[in-house]
Structures are given as structure tokens and as C-alpha cells.
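Data first, discussion second: the structure below is written as C-alpha cells.
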Amino acid sequence: MNTPIADPEQPMAGGGRGEAARDARARPGDEAVQTKGWLGANKWLLARRASQLGILALFLVGPWFGWWIVKGNLSSSLTLGVLPLTDPFLLAQSFAAGVVPYREALIGGGIVLAFYLLLGGRLYCSWVCPVNLVTDAAAWLRRRLGLRGGRAPDARGRYWLLAFVLGAAAVTGTLAWEWVNPVSMLHRGLIFGFGLAWGIVGGVFLYDLLIATRGWCGHLCPMGAFYGLLNRAALLRVSAGRRAACNDCMDCFVVCPEPQVIRPALKAAGQEHPLILNPDCTTCGRCVDVCSKNVFRITTRFDRSES
Amino acid sequence: MSDNQTMRAGVATNPPRRLFLREMAGVAGGACLASLGVGLYVKQASALPATALRPPGALAEAEFLAACVRCGLCVRDCPYDTLKLAELGDAVATGTPYFTAHEVPCEMCEDIPCVAACPTGALDRGLDDIEDARMGLAVLIDQETCLNFLGLRCDVCYRVCPVIDRAISLELVHNPRSDRHAMLLPTVHSDHCTGCGKCERACVLPGEAAIKVLPVKLAQGSRAEHYRRGWEEKEAAGGSLIGEQVELPVRGLEGRAYGDTRVRPDAPVPASPAVPGGLDSGWRP
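Those protein sequence lines, which keep their order, are chains A and B. Just remember that my numbering sits 3 ahead of the position in the first sequence, which is counted from 1. Just remember that my numbering sits 99 ahead of the position in the second sequence, which is counted from 1.
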């Protein structure tokens, strides 16, 4: 996991190219914009933002305009009065706390669980989770300001934290993590009112901006760890199918929220096929966007073709 | 010495393992510390303030906090905007539903939509009659400012009670201040009070209400089970358990009614005090 090449913080080449390299790191994807056009170089990002904001809008048009399409929030919701959806991470905490909820919650949790198990758990992180907007903004600003340094905790920390979150639920007999969970807090805050939750969301932003690159989503968030566990059989995967065309510009490493996942597929390190099967990959598709050589594509886990 | 050397050699030949163990210890320690912090915070923040009432059918607070996923579906289906989700900084566990009787009381919908909406059972669907709800218990907490205790006929808390005459009744007692009037004291009966809070909301006092809905635990003392209540035992048995009592004569008071303890039956009524008041001011019809 700690592959040296995957770290975009390291200087890339000798001193002469330092300036240009810094600029390239600050604005990854510029080359792709020139070759593919702005729209072509941002289409997955735009699709992802549309998905994130669209889901949020579905929850918000109820309280704002009285159009009740979806009630509730991402923790548990009811769509059009018939479709229950419940966050399986919350149900896991509930079970740990010794509660077996009503059938609606179990059915809703089952639907969500099946969806993410099939298509890929961390799709939640990049296509649904509202905190992604916050941490993407922090990562963007960090690149633009050229901020260096700080220290990210080990990426395995999130799995430990997940274990401890479930342990804390079992010991305290309550959903302990939900007192501080920035993910559910941000979504609930947007829909039901914030209070001081801005502080926690702001803390995540500042942590990612100043202390650790992609620190929250990539290293700490136990919810991301939980959905990472559902990501092992993900149908949707990114493939470095045209890796022969790679010109080592490093843009994909710079934008990737989990840069350690790229190398095995792109450089055939420890595997033959060009599929990114590492469960940390969120299938955000940003690498597809920023690559001027069209190395990457989003495909299924069965598509091992190279072209 | 030789042991020490072997150990050193082992460490030197196996740095990845050492590194791994050190990293793991650091990560596990950090996660443990973080969750301990969260656990302590949760313990402190779990106390529900006395003015925050849970929706009808809510499980006991500890179980409620384990079952509620903070989705807000109960809030959405509350037709009177009574319920709200606690925000971070409110004294209530963040994201959980509650209401404040003094602001918006529960209207006690017959179909209890909030309970029907709850997907997890934090609001128990065993509650099918809203009059069985026990969200709290009304307490006439300030007898010094309650207008009925001052001898007026306000009665507003009694009039607005959805379970009028059962949850709140007006108890007639003698007004010792004027000695010629009655007081009608609003009296709450825990057998029927649902804790909806309409009495607290309606209290006419300008700021704080004289009648407040409190958590049942705060409002009620524990029943003294070790004391037998003679009148209840008597009713249950259909008659006195110890048979008819013989009334023994008291020497010097023979021929008097039972309980008449005046030493001289022809003693004059005591002179009226200079300032009328007390139990008997001397006024006669």
C-alpha cells in the first residue's frame, strides 16, 4: 500500500524540471483539456457532481418546495412512500449495539447492501457521499496553493477505526459514532439544519487541506472503510486498458484520491491485466478525465482487454 | 548477553516485521484513543435535558439511542412540526428527534404518524392508542404563581388537556386566605397524563409556565411498596381485614361524638384575632 511511486507529494524529477513539475501538479489535466476539450476532460467529474448534487436535491425539494420524492436522509429514507433505503453501516452499528430494527430498515439495508455489493461499495464515496464535495475541494485547493508537508496516518487506520466504532457501539449500547460522524452529520445538516455541525465539516476540510492529503476519505473515514469492504467484488472497475500509451505525466496519480491503486494496473506491477481491482478504488473516474492519452476507461471487472 | 545479541540480530535481519509491528501499534493505538474519546463524549452527551421530550412510543432513552438511526422520518411525518432533529450543539444527542412542550406541544394524532414512519422501532409500534403514550408527566411545579392556587379561576391547563378530567382534574379545597372561598387546584393524574405538553404551552403566565412536563423519572417518586394502603386493601378484600372496631370511651368525654375532644363543650368560641385570617376567621353566614 505504501508504494513510493504512488505518492504525488514526492518531487518527480531533477531540479531543472522542478518548476514545471510543480505547475503540472497544481493543474493536473491541463494537457487533457487541450487534447480532449474541457468537456471531454471533465465528463466523469461532471457526472459525479450531478449524481452527488442530484441525490442531495431529491432530499431537499421536499423541505424546500413540498415535493416529497424522498423523505429522511442517507441514514434511512423512504422514496415515493414505498421504497425504504437504509445505510447498512448504520445497521451494522445498530446490530453491534444489540438492536434488531423493524423489517423496513432491514429490507432497506438489504437493497442498499445488494446494490453496492454488486456495483462496488465505494461508489458510495465518490458518487453519493456529500463529504466528497468537501474533501475534493480541499484537495483541489491544496494542489493550487502548492501546500506540502503534513502527515497522513496509515491508510489501514480506517479499518481499525471501523472495528473500534463497532466495538464502541457494542460497549456503550448506542450508535456512538453517529455523535460525531461527519458524513451523516453533513447530509442531515443540509436537510434538517446544522447547528454546530459546520465545525466538524470544516474540521475535515482543514484537516485535508493543511495536514493530510486526502486524509479523511483515504485514511480515516470508517464509513469509507465499511464500503471498501463491500468493494471487493465490484462490477464497475477502472481499467488502464491503453497503458501502452502512458507518457508518465503523473496527472492520474495527482488527482487520484487513493493513488496506491493505480500502479499495479498501469505499470503491471504484481499483476498482468490492466484492471484496477484494489478495493480502495472509488471508481470516481477522475483518472479517465485527466489522462490526455485516454489510458483509462470505466468498464466491468470482466473486461481485461488491452487496446 | 548472548540472548541480547541474538535479539539484535533478529531485529536487524527482520526490519519489515519491526516496522509493521510499530506501524500497527501506532495505528491501533490512535484508533483506540479516538474511539475512547468518542465513547466518553457519547456518555456525557447522552443525558437528555428535562425540557426535551421524545416522540410518543419512544423506547427508554438508552434503548432509544441504540435503535434511532437519526433519519428524521418521524419529523417529516409530524403534521404539526412538533418534532425536530437535534442539531450539534443542542443539549440533545445530535440528530435524534425531540420536542419542547413550551414551544410546540404534541397534538396527539389518533393515527400516530411519527410512530408509523419509524423504520427501526426506536418508536415502538406497540403503541396503538395515543392515550397510552407516556412522553413525560405534567407537574404543577410552581404553586406560588399558579393563578388557581392564588384563588383565581384560570383553569386553562385543565381546559386544554386532551384527556380532560382524567389526566388533569380540578380539586376543590377550602381557601384559607379568604376563608369563604374555594380553590380549584389543577391536579395531574399519572395514570392518564400522556405528557403531550399542551398544558405547559397554554399556561397563561407571561414567561415560564407554572405547569411543566418533565421526564417521568424526574416527575415521579418511586412507589413505597412496603407500605400497605389500608383503603386499597379494604376495597380489594370487600371489607375491613380486621373486622369491626370497638370504639372505647375516653374518660371525661363520655357522651360526646367520636373525635370531639373539647374539654368543655360549652366553652366559648375563641375571640376573633385582630387580623382576620387563618383557618377560621370567625365569619359565619
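Don't be surprised by glycine CBs; every beta carbon is placed ideally from N, CA and C.
{"query": "So does the stretch 313 to 323 of chain B actually touch the stretch 219 to 237 of chain B, counting three or more Cβ pairs closer than 8 Å?", "result": "yes"}
{"query": "Measuring CB to CB, does residue 202 of chain A end up less than 8 Å from residue 210 of chain A?", "result": "no"}
{"query": "What residue ranges within the stretch 155 to 208 of chain B form continuous beta strand (DSSP E) runs of no fewer than 3 residues, ordered along the chain?", "result": "196 to 199"}
{"query": "If you count every other CB in all the chains shown that lies within 10 Å of the CB of residue 297 of chain B, and 16 or more means buried, which is it?", "result": "buried"}
{"query": "Report, in whole angstroms, the separation of the C-beta atoms of residue 219 of chain B and residue 167 of chain B, which I expect to be a contact under 8 Å.", "result": "7 Å"}
{"query": "Look at the alpha carbon of residue 311 of chain A and the alpha carbon of residue 105 of chain A, and state the distance between them as a whole number of angstroms.", "result": "For residue 311 of chain A there is no data in the structure shown, the boundaries of chain A being 4 and 310."}
{"query": "Do we get a CB-CB distance below 8 Å when we pair residue 165 of chain B with the residues of chain A?", "result": "yes"}
{"query": "List, in order along the chain, the chain A residues whose C-beta lies closer than 8 Å to that of residue 138 of chain B?", "result": "171, 174, 175, 179"}
{"query": "Would you call the stretch 117 to 125 of chain A in contact with the stretch 221 to 238 of chain A, where contact means no fewer than 3 C-beta pairs closer than 8 Å?", "result": "yes"}
{"query": "Give every residue of the same chain whose Cβ lies closer than 6 Å to the Cβ of residue 190 of chain B, excluding the five residues on either side of it in the sequence, and list them in chain order.", "result": "148"}
{"query": "Between B:160, B:180, B:186, B:305, which has its C-alpha nearest residue 199 of chain A's C-alpha?", "result": "B:186"}
{"query": "Does the stretch 281 to 289 of chain B come within contact of the stretch 244 to 263 of chain B, defined as at least 3 CB pairs closer than 8 Å?", "result": "yes"}
{"query": "Work out the CA separation of residue 226 of chain B and residue 120 of chain B for me, nearest whole Å.", "result": "54 Å"}
{"query": "Using a C-beta cutoff of 8 Å, does residue 110 of chain B count as contacting chain A?", "result": "Reliability fails at residue 110 of chain B, whose pLDDT of 48 lies under 50, so the model's placement of it is uncertain and the value that follows must be treated cautiously. It does not; no Cβ of chain A falls within 8 Å."}
{"query": "Per the DSSP calculation, residue 282 of chain B is bridged to which residue(s)?", "result": "B:272"}
{"query": "Can you check whether the C-beta of residue 129 of chain B is within less than 8 Å of a C-beta belonging to chain A?", "result": "yes"}
{"query": "Quick check: what's the CA-CA separation for residue 195 of chain B versus residue 151 of chain B?", "result": "11 Å"}
{"query": "Is residue 287 of chain A closer than 8 Å to residue 79 of chain A when the C-beta atoms are compared?", "result": "no"}
{"query": "Contact criterion: CB-CB distance below 8 Å. Does residue 199 of chain B meet it with respect to chain A?", "result": "no"}
{"query": "Of the choices A:136, A:51, A:221, whose alpha-carbon is the least far from that of residue 263 of chain A?", "result": "A:221"}
{"query": "Does the pairing of the stretch 292 to 309 of chain B with the stretch 323 to 340 of chain B give three or more beta-carbon distances under 8 Å?", "result": "no"}
{"query": "For residue 55 of chain A, count neighbouring Cβ atoms within 10 angstroms of its own Cβ and tell me buried if that reaches 16, exposed if not.", "result": "buried"}
{"query": "Do the CB positions of residue 285 of chain A and residue 242 of chain A come within less than 8 Å of each other?", "result": "no"}
{"query": "Let me make sure I understand the geometry here. Which of B:206, B:116, B:193 has the alpha-carbon closest to that of residue 301 of chain B?", "result": "B:206"}
{"query": "Pick helix, strand or coil for residue 239 of chain A, following the three-state DSSP scheme.", "result": "strand"}
{"query": "Using a Cβ distance threshold of 8 Å, determine whether the stretch 150 to 164 of chain A contacts the stretch 183 to 199 of chain A, with at least three qualifying pairs required.", "result": "no"}
{"query": "When the Cα of residue 280 of chain B is compared with those of B:252, B:114, B:263, which residue comes out closest?", "result": "B:252"}
{"query": "Let's see if you can read the secondary structure: which residues bound the alpha helix (DSSP H) around residue 187 of chain A?", "result": "185 to 195"}
{"query": "Listed from N- to C-terminal order along the chain, which residues in the stretch 95 to 123 of chain A have their beta-carbon within a distance smaller than 7 Å of any beta-carbon of chain B?", "result": "97, 100, 101, 102, 104, 105, 107, 108, 111"}
{"query": "What residues are listed by DSSP as bridge partners for residue 75 of chain A?", "result": "A:80"}
{"query": "Considering residue 1 of chain A, what are the terminal residues of the alpha helix (DSSP H) in which it resides?", "result": "Examination of residue 1 of chain A is not possible in this model, given that chain A is present from 4 through 310 alone."}
{"query": "Classify residue 303 of chain A as helix, strand or coil using the three-state DSSP reduction.", "result": "strand"}
{"query": "For the stretch 74 to 94 of chain A, which residues have a beta carbon sitting closer than 9 Å to at least one beta carbon of chain B?", "result": "74, 75, 76, 77, 78, 79, 80, 81, 87, 89, 90, 93, 94"}
{"query": "What's the gap between the Cα of residue 273 of chain A and the Cα of residue 265 of chain A?", "result": "12 Å"}
{"query": "Among residues of its own chain, excluding the 5 on either side of residue 270 of chain B, which ones have a beta-carbon nearer than 6 Å to its beta-carbon?", "result": "284, 286"}
{"query": "Kindly give me the distance between the Cβ atoms of residue 321 of chain B and residue 164 of chain A, rounded to whole angstroms, as I take these residues to be in contact under 8 Å.", "result": "With a Cβ gap of about 42 Å, residue 321 of chain B and residue 164 of chain A do not count as contacting."}
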